[in-house]
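Take a look at the structure below.
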Amino acid sequence: MNSHLRKDLDKLKTQILNVAACVETNVRKSVKALRELSEPLAEEVILYDREIDEMEVNTEEECLKILALHQPVASDLRFVITVLKTNNELEHIGDMAANIAKRVFYIRKERHIAIPFDIETMTTRTIYMLKSSLDAFISGDVMLALGVCEDDEIVDQENRKCYGNIEAAIKNDSESAMANINYLLVCRSLERIADLCTNIAEDVIYMERSMIVRHNLDERISELKDKLRG
Amino acid sequence: MMEKNKMKISEKTAFKTDDKDPPKNGKDYVVAARDFSVYYGNFHAVKNANVSFERGKVTAIIGPSGCGKSTFLRCVNRMNDLVDSCRTSGELIFDGINIYHPRLDIVELRRRIGMVFQRPNPFPKSIYDNIAYGPRLAGSIKKSELDGIVETSLRRAALWDEVKDRLNSNALGLSGGQQQRLCIARALAVRPEVLLMDEPCSALDPKSTSRIEDLIDELSGEYTIAIVTHNMQQAARVSHYTAFFYEGSLIEFGKTETLFTSPQKQATNDYITGRFG
């Protein structure tokens with residue numbers, strides 16, 4: 001391979017891994033800030049998100065440079081396109097972490113209530129999906145990526161449960177409405193992170209197998225599984 | 231005059247191979263190779279190739295030097311007949327007949343399958359005479375008719391506006407890019423069905439290359455074009471189908487957009503991404 005392209009692709013990989021590491025750290029911190037209702041930690045998450053935004057722009061510029069200067073094809077093209085998309089998903093995940101952190105300030109102003117959803121299941125599963133989707137990207141592991149796609153349903157179920165719990169809690173105690181609504185927004189952000197991790201996993205499948213599995217996900221995943229077994 | 235024992239391609243009943251026609255898949259193939267091999271002495275230059283040129287489409291042939299791509303292209307209008315040690319096996323079918331049938335009229339074949347080479351090779355004659363050469367050979371023709379053919383051919387080759395006021399000037403005075411378009415116009419003058427191009431832009435500057443690529447685009451549809459190129463981006467830009475040859479074997483053949491985004495073979499991926507070759 002052209003050594004200029006090789007160098008630029010290596011540099012791009014390092015860049016996207018840095019974005020991924022920062023986003024993962026910020027998501028973990030935002031969950032910690034929520035559990036502890038820690039304003040300083042929440043503040044840190046919000047500030048750090050601005051750095052992530054800047055890193056996202058730099059990574060996108062690097063992708064555009066490679067496309068313009070090297071016109072990559074085949075596996076190299078798929079890699080650059082996957083980085084371009086994953087970079088965008090990661091930036092959105094960063095925004096969700098910042099959203100969770102912002103809720104900490106509102107929740108602290110309200111009367112203390114118990115968290116109205118299974119935060120353990122929700123955060124553990126979401127962070128596991130984030131970690132798995134990034135591991136799948138780094139190692140090109142299609143099976144791991146498929147697992148992420150399947151896990152999304154667990155987080156969706158928790159989100160639906162949370163909605164029901166909060167609806168009931170507000171009916172019973174209207175004074176807790178604001179705190180509950182803020183928790184609902186937190187739950188929604190976690191569910192959104194899981195969706196974005198699924199997008200990354202789908203991009204990994206495209207990168208490795210040239211298959212666009214978005215939409216009709218179940219059908220395409222079972223088709224891909226059959227292929228992998230075959 | 232044509233020798234008596236030579237037969238025109240139009241008299242294809244003598245050679246027709248209906249029972250072995252290539253699978254059509256709903257496509258209209260003008261040229262189809264079936265287990266086609268080429269040997270130079272003991273060297274197996276093209277190994278059992280199966281590749282087809284769809285009517286009105288552009289097929290690019292890519293691969294590293296010495297992979298057999300030019301050899302294959304040259305076989306399509308029997309240019310390799312000039313090489314003593316060259317022999318072929320398998321079938322190369324054009325319009326239902328085997329190109330290597332011993333009684334095939336090669337002059338007729340080369341009228342219907344034109345060729346443009348790497349370096350522009352105009353005759354040391356006027357621009358007009360270069361274009362008129364083929365039609366004159368084909369038989370007596372009126373001056374007014376010949377004028378029409380010259381103009382039409384030069385227009386199709388996007389050269390008319392640049393040379394219409396100096397048709398009697400020597401063709402060797404044209405720039406490299408103009409000479410190559412003149413060669414294309416000369417090929418078009420005898421109304422071929424297929425145009426073979428063997429690295430037609432490798433001796434040209436970027437602007438002339440771009441004009442030839444535009445021309446290929448304009449001619450596709452009306453003509454079936456096969457182009458050998460070392461320039462992968464050019465293959466991606468101009469062709470509908472791409473064939474990748476490596477060490478004499480056809481490794482992969484398919485739609486250009488698929489081959490350049492999701493090649494099915496690792497060797498294709500490695501070659502087009504520059505990992506070897």
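Going line by line, the protein sequences match chains A and X. So the first sequence is numbered by the working numbering: it starts at 1 and just counts up by one. So the second sequence is numbered by the working numbering: it starts at 231 and just counts up by one. The C-beta atom is built at its ideal place from N, Cα and C for all residues, glycine as well. Computed from a predicted model, the values in this text were never measured in an experiment.
Among the residues of chain A, those whose CB is under 8 Å from the CB of X/Thr491 are Val73, Ala74, Leu77, Arg78 and Ser210, following chain order. When DSSP reads this structure, X/Gly344 sits in a beta bridge with X/Leu425.
When the beta-carbon positions are compared, X/Asn280 and X/Arg264 come within less than 8 Å of each other. At the C-beta level, A/Val73 and X/Thr503 come within 8 Å of one another. Note on the segment 268-344 of chain X: whole alpha helix (DSSP H) runs with a minimum of 4 residues are 299-306 and 336-342, in chain order. Non-local C-beta neighbours of X/Phe283 in its own chain, meaning closer than 6 Å and more than five positions away in sequence, comprise Val260, Val261, Thr289, Thr454 and Ala456, ordered along the chain. Along the segment 455-482 of chain X, the positions whose C-beta sits under 8 Å from a C-beta of chain A are Met462, Gln463 and Ala466, read in chain order. Between the segment 493-502 of chain X and the segment 324-338 of chain X, the count of Cβ pairs shorter than 8 Å is below three; the stretches do not touch. Going by beta carbons, X/Gly406 and X/Pro350 fall inside the 8 Å limit.
Take A/Ile221, set aside five residues on each side of it, and the residues of its chain with a beta-carbon closer than 7 Å to its own are Leu146, Cys149 and Val213, in chain order.
Under the Cβ criterion of 8 Å, X/Asn499 is counted among the residues facing chain A. Rounded to the nearest whole angstrom, the C-alpha separation of X/Glu381 and X/Tyr358 is 9 Å.
Assignment of X/Ala433 by DSSP, reduced to helix, strand and coil, places it in the coil class. Secondary structure at X/Phe475: strand, using DSSP grouped into helix, strand and coil.
DSSP lists X/Phe474 as the beta-bridge partner residues of X/Glu482. Here A/Pro40 is exposed: its Cβ has fewer than 16 other Cβ atoms, across all protein chains shown, within 10 Å.
Per DSSP, the continuous beta strand (DSSP E) segment holding X/Val458 begins and ends at Thr454 to Val458. The straight-line gap separating the alpha-carbon atoms of A/Arg188 and A/His4 is approximately 43 Å. Here A/Ile138 is exposed, its C-beta having fewer than 16 other C-beta atoms within 10 Å. In the displayed model, X/Ala262 falls within a strand according to three-state DSSP. In this structure, the beta-carbon distance from X/Pro352 to X/Ala275 does not fall below 8 Å. When secondary structure is reduced to three states using DSSP, X/Ser469 falls in the coil class, being assigned neither helix nor strand. By the CB criterion at 8 Å, X/Arg308 and X/Leu339 fall inside the cutoff.
Between the beta-carbon of X/Arg416 and that of X/Tyr363 there is about 7 Å, and that keeps the pair under the 8 Å contact cut.
Cβ neighbours of A/Asp173 within its own chain (closer than 6 Å, five residues either side excluded): none. For X/Gln410, the enclosing alpha helix (DSSP H) has its first and last residue at Gly406 to Leu418. Counting of Cβ neighbours within 10 angstroms places A/Asp156 among the exposed residues, the total staying below 16. Judged by DSSP in its simplified three-state form, X/Asn400 adopts strand.
For X/Asn278, the closest C-alpha among the options X/Asn272, X/Glu321 and X/Leu412 is that of X/Glu321. If you check the CB distance, A/Ile66 and A/Asn26 do not come in under 8 Å. The DSSP-derived three-state label of A/Ser133 is helix.
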